[in-house]
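Presented below is the structure to which this report refers.
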Amino acid sequence: MAQEMKMTKKTSNRFKSFLFILYHVFKNFILFFVPNRLMPKNFKNVNDQCILITGGGSGIGQLMVMKFLKLGAKVIIWDVNVDNLDRTRQMAKGYDEKLFCYRIDLCQKDSIYETAKQVQNDVGPVDILINNAGVVTGKNILDLSDEQIQRTMNVNVISHFFTIRAFLPRMIERKSGHIVTIASLAGELGVALLTDYCASKFAAIGMEQSLHFELAKANLDSQIKTTIVKPWLITTGMFSGAHSDLIPMFSPEYVAQKIVEAILLEKSVLVLPWYLEYMGILLKIFPSKCLIPIYDFLGGFESMDNFTGR
2 MAQEMKMTKK TSNRFKSFLF ILYHVFKNFI LFFVPNRLMP KNFKNVNDQC
52 ILITGGGSGI GQLMVMKFLK LGAKVIIWDV NVDNLDRTRQ MAKGYDEKLF
102 CYRIDLCQKD SIYETAKQVQ NDVGPVDILI NNAGVVTGKN ILDLSDEQIQ
152 RTMNVNVISH FFTIRAFLPR MIERKSGHIV TIASLAGELG VALLTDYCAS
202 KFAAIGMEQS LHFELAKANL DSQIKTTIVK PWLITTGMFS GAHSDLIPMF
252 SPEYVAQKIV EAILLEKSVL VLPWYLEYMG ILLKIFPSKC LIPIYDFLGG
302 FESMDNFTGR
């Protein structure tokens, strides 16, 4: 399978590429003024497809589990918390034949590879991989322990390398697949008291984009889709106590629904709220001396003051 990833796409006609870029910029500009309800939605069918969701025992992951089960998919949950797995099983009564739960610690590389083999033997090849599991500590960089920093990086981004390496070869072999990365807008803008979390999300965004380009270089991007999700703060237990005055926090139900829709539409990027998609561009346009006033304007200095987390 690695050989197929080594197929090289050469630089194409730059004039054609330029016209292609102009076309899509103009198209997106026009569509910007079209109400979302009027946009055609061609959802893909996930009935009987195998969907693996890391961190599927709680929060957004658990909500996505229920939504995909209702769409007829076989859903595989990976979670470190046995109680969360049990609660999700209770919620999913009636879907017992479609739900598969595995207790796994994503900090353990060998466990990821071993459990991936078990999944493919028990259930079959994974059609959609959703790297959703995440942890947040919410401490000043000097108050973080070395173990907390390592755990955040392991769960939030390093595990993605291992899950993708475990399941991508079969996707290439079958010429079909979808890899979803649940990142955050904290991967576009640093946040005080979230140094480790932001670093992990910046890394996850960079890794996902690089993977997208690698698939394109190997002429696999039409067969294997990627989706990156970058939401603002969500009112889950994971961010309990955090607040945002200027930009409203989203409910887990709303975010889960939007993620499922983005996957079914095979969107490459989902930003919530949509207008913050341009935040990264604006931050690069403004002088560097404006960065702290912008952060202050957004209410960043107080956003994590009362954070308690799970």
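Using the working numbering, read the sequence shown as starting at 2 and increasing by one per residue.
Using N, Cα and C, we set each Cβ at its ideal position, and we do this for glycine too.
Treat the numbers as computed from the prediction; the structure is a model and nothing was measured.
DSSP places T237 in the coil class of the three-state scheme, outside both helix and strand. In this structure the stretch 123-138 lies against the stretch 149-169, because at least three pairs of beta carbons, one per stretch, are closer than 8 Å. In the structure shown, D306 adopts coil according to DSSP, grouped into three states.
Non-local beta-carbon contacts of L100 in its own chain, meaning distances under 6 Å to residues more than five positions away in sequence, involve V76 and A93 in chain order.
A167 sits away from A205, with the two beta carbons spaced by 7 Å or more.
Between the alpha carbons of A193 and Q258 lies a distance of about 29 Å. With a cut-off of 8 Å on Cβ pairs, the stretch 236-248 is not in contact with the stretch 65-83, counting fewer than three such pairs.
The alpha-carbon of N122 is positioned some 11 Å away from that of E115. E303 and I293 have their alpha carbons spaced roughly 13 Å apart. Each residue's CA atom was taken as its position, placing I180 and L130 some 5 Å apart.
C199 is not a Cβ neighbour of G207, given a cutoff of 7 Å. Annotation for N122: the continuous alpha helix (DSSP H) segment containing it runs K110 to D123. Counting C-beta pairs closer than 8 Å gives three or more between the stretch 219-234 and the stretch 271-281, which meets the contact rule. For Y296, the uninterrupted alpha helix (DSSP H) run begins and ends at L292 to F298, by DSSP. DSSP, read as helix, strand or coil, puts L273 in strand. Here L64 has P253, E254 and A257 as same chain residues with Cβ atoms under 7 Å from its own Cβ, once five neighbours each way along the sequence are excluded. The continuous alpha helix (DSSP H) containing L70 extends over residues G60 to K71. Only residues of its own chain outside the window of five on either side were considered, and among them N133 and V230 have a CB closer than 6 Å to the CB of I183, listed in chain order. With at least 16 other beta carbons inside 10 angstroms of its own, F240 counts as buried. For the pair V47 and G57, the CB atoms are not nearer than the 7 Å cut-off. Excluding five sequence positions before and after C51, the CB atoms of its chain that fall closer than 7 Å to its own CB belong to K75, I77, V124, G125, P126, V127 and D128, given in chain order.
In the structure shown, the three-state DSSP call for N43 is coil. Closest in alpha carbon position to N220, among E209, E98, C291 and K176, is K176.
With respect to A243, F308 sits close: the two C-beta atoms are nearer than 7 Å.
Taking the CA atoms as reference points, D306 sits about 28 Å from C108. Within 10 angstroms of the beta-carbon of Y276 lie fewer than 16 other beta-carbons, which makes it exposed. Nearest in C-alpha terms to Y103, of all of G60, K290 and Q119, is Q119. Around the beta carbon of K42, fewer than 16 other beta carbons lie within 10 angstroms, which makes this residue exposed. When L86, F214, Q91 and E209 are compared, the shortest CA-CA separation from T12 is found for F214.
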